[in-house]
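First up is the structure itself, then whatever we jot down about it.
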RNA sequence: GGCAACGUAGCUCAGCGGCAGAGCGGGCGCUUCAUAAGCGCUAGGUCACAGGUUCGAAUCCUGUCGUUGCCA
């Protein structure tokens, strides 16, 4: 009996390239999970898309003097290239700028409105008389009433870190033209989230498999009492409120972005699957939706979106798990786009192997706490663990068969010790499966690396390079055993290292795609001809990599740094 | 300011009531099939700090300091 597993992944703002933080935080764990479940024979639907409507996009558009849509189109295209290069295996990566997404987001609004869950309220909104437009909080600068810092923004003061209301600012001015904003009273819709606090707490009761930090945070948040929130904003970029006389208001970007998980599923069903109803299998009572996000997004995925699903009705499936990751730091500091303190995916892919990055980020994934990426560590892990332990086990075995057995899989049966090792290999497959299914990706990779080490140890103990001289049969038994271990490793590592696992699949003389080969350690048959082996991974030149990357880091930074 | 999490070996991280662990790096040795790769042995720690609970605390509780996220 196979499960229907929806893999819903955070929607990146289309206002800049992807960096390592995005990958380690959400996209890599989601992809490992998706590939694993496909190999196990489950029905996977993995979706996400570009968030087109966030403030960061309009900010960048105004800075460059182009339209928000142009910014969105440029970076959405870049995302697609990054996914391709990194092997992130979407069923659909769409965008919030589709007609389909507008329709479904407006349908949610209409449903909520008709159910009486949206009510009007008046609030004071900053308005620029010179620009003849309403201003988001971030578009207002002024003096902080708490610390006197002059560059405080309408939402937060960078001087003292306090969050602000734009009306508190002393001497407020628009960042667009420096003009003084006035505050106008505007009607907006509030969503009755407060009605769902108890139901959410009830729903959380059997979520003991969630990560403690996610569950504790969510429970604590709800126990303080869930408040109603403004559902609409005064913007001209975004999805219009579908009510007569309200067309100049937009649905708040966060509330339509989470609807994207559903609208992307619907789009996949009609446009890719060719069966408009096919999405229901992943949203019905027995579906298991997993949401892969970073820790800054927990509230929206464990509270707001489940509340919206409850409010919508139709028994749409609530999250099975929200394995939010913590953050990845870089060389001791937080990632920062403005200071160019980041490793950008397109630049990485221009110089290095995608599997090497997937390996290093998986080995050090921020599952339980913030973790650290450094280039020296990247080089060490690639050269010593990926190349030295795993790649070399494969290479020494395959070149040995090529050299001493004419590239033909020997016809021999493992002896007692070999049979024991192969049993360990089978056990490792199940052990890793349990770890991955529970979203413990670091641990799953650890199982694979331990098995590779066992393989190396076995080779050293049985020394086929000595046996080949006096007892060819013994050497053959050893090699067949290790071939079985390598076959298991190729499967075990396929979710983590899809490109090299496919190459290894072919080097073992096996046909087709590894993703269709199942979760088994089945290797080549006796007598099978193996192609000339190639190294799975290249060693890195430490000096060269460090020279290039350390020079890149922070380059182009025009602000003062204290580091 | 409130809530939540984190602080463990030189580095990156596990462990989360019962003799302080792994990988990498360091030291010593073995091996030569292999991308100078592999294997074994070894050194190293007041488990942030101060109290408390317990026969027993890195682990549970309280407080302090530091880091992070969310909220005000």
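Residue numbers (the working numbering): 12 to 574.
Cβ coordinates follow ideal geometry from the N, Cα and C atoms, glycine included.
Simplified DSSP assignment, three categories, for residue i
i, result
"residue 501", "helix"
"residue 184", "strand"
"residue 64", "coil"
"residue 392", "helix"
"residue 520", "coil"
"residue 431", "helix"
"residue 555", "helix"
"residue 241", "strand"
"residue 88", "helix"
"residue 532", "coil"
"residue 571", "In this predicted model, residue 571 has a pLDDT of only 34, less than 50, meaning its place in the structure is not dependable; the value taken from the coordinates is given anyway. The answer is coil: DSSP assigns residue 571 none of H, G, I, E or B."
"residue 339", "strand"
"residue 262", "strand"
"residue 468", "helix"
"residue 218", "coil"
"residue 167", "strand"
"residue 24", "strand"
"residue 51", "coil"
"residue 561", "helix"
"residue 284", "helix"
"residue 575", "Since the first residue shown for the chain is 12 and the last is 574, residue 575 is missing from the structure and cannot be characterised."
Range covered by the beta strand (DSSP E) that runs through residue i
i, result
"residue 199", "193 to 202"
"residue 131", "129 to 139"
"residue 151", "151 to 154"
"residue 382", "382 to 384"
"residue 506", "No beta strand (DSSP E) holds residue 506; DSSP gives it neither H nor E."
"residue 120", "Segment 110 to 125 is the alpha helix (DSSP H) holding residue 120; no beta strand (DSSP E) there."
Beta-bridge pairing of residue i - partner residues as DSSP gives them
i, result
"residue 58", "19, 103"
"residue 30", "355"
"residue 306", "Residue 306 pairs with nothing; no bridge assigned."
"residue 144", "139"
Sub-8 Å separation of residue i and residue j beta-carbons
i, j, result
"residue 546", "residue 503", "no"
"residue 488", "residue 423", "yes"
"residue 129", "residue 242", "yes"
"residue 135", "residue 195", "yes"
"residue 279", "residue 328", "no"
"residue 262", "residue 249", "yes"
"residue 204", "residue 237", "yes"
"residue 58", "residue 97", "no"
"residue 462", "residue 496", "yes"
"residue 277", "residue 302", "no"
"residue 66", "residue 144", "no"
"residue 373", "residue 452", "yes"
"residue 493", "residue 470", "yes"
"residue 37", "residue 86", "no"
With 16 other Cβ atoms within 10 Å as the buried cut-off, status of residue i
i, result
"residue 516", "buried"
"residue 513", "buried"
"residue 310", "exposed"
"residue 318", "buried"
"residue 393", "buried"
"residue 390", "buried"
"residue 285", "exposed"
"residue 256", "exposed"
"residue 32", "buried"
"residue 182", "exposed"
"residue 220", "exposed"
"residue 573", "Confidence at residue 573 is low in this model, with a pLDDT of 30, below 50, so the placement of that residue is unreliable and no value is reported for it."
"residue 326", "exposed"
"residue 466", "buried"
Endpoints, the alpha helix (DSSP H) within which residue i is located
i, result
"residue 210", "208 to 214"
"residue 331", "Looking at the DSSP string, residue 331 is not in any alpha helix (DSSP H), and its letter there is neither H nor E."
"residue 228", "223 to 234"
"residue 475", "475 to 481"
"residue 250", "That residue, residue 250, is in no alpha helix (DSSP H); it is neither H nor E in DSSP."
"residue 397", "Where residue 397 is concerned, there is no enclosing alpha helix (DSSP H), given that its DSSP letter is neither H nor E."
"residue 317", "316 to 323"
"residue 413", "403 to 415"
"residue 369", "365 to 374"
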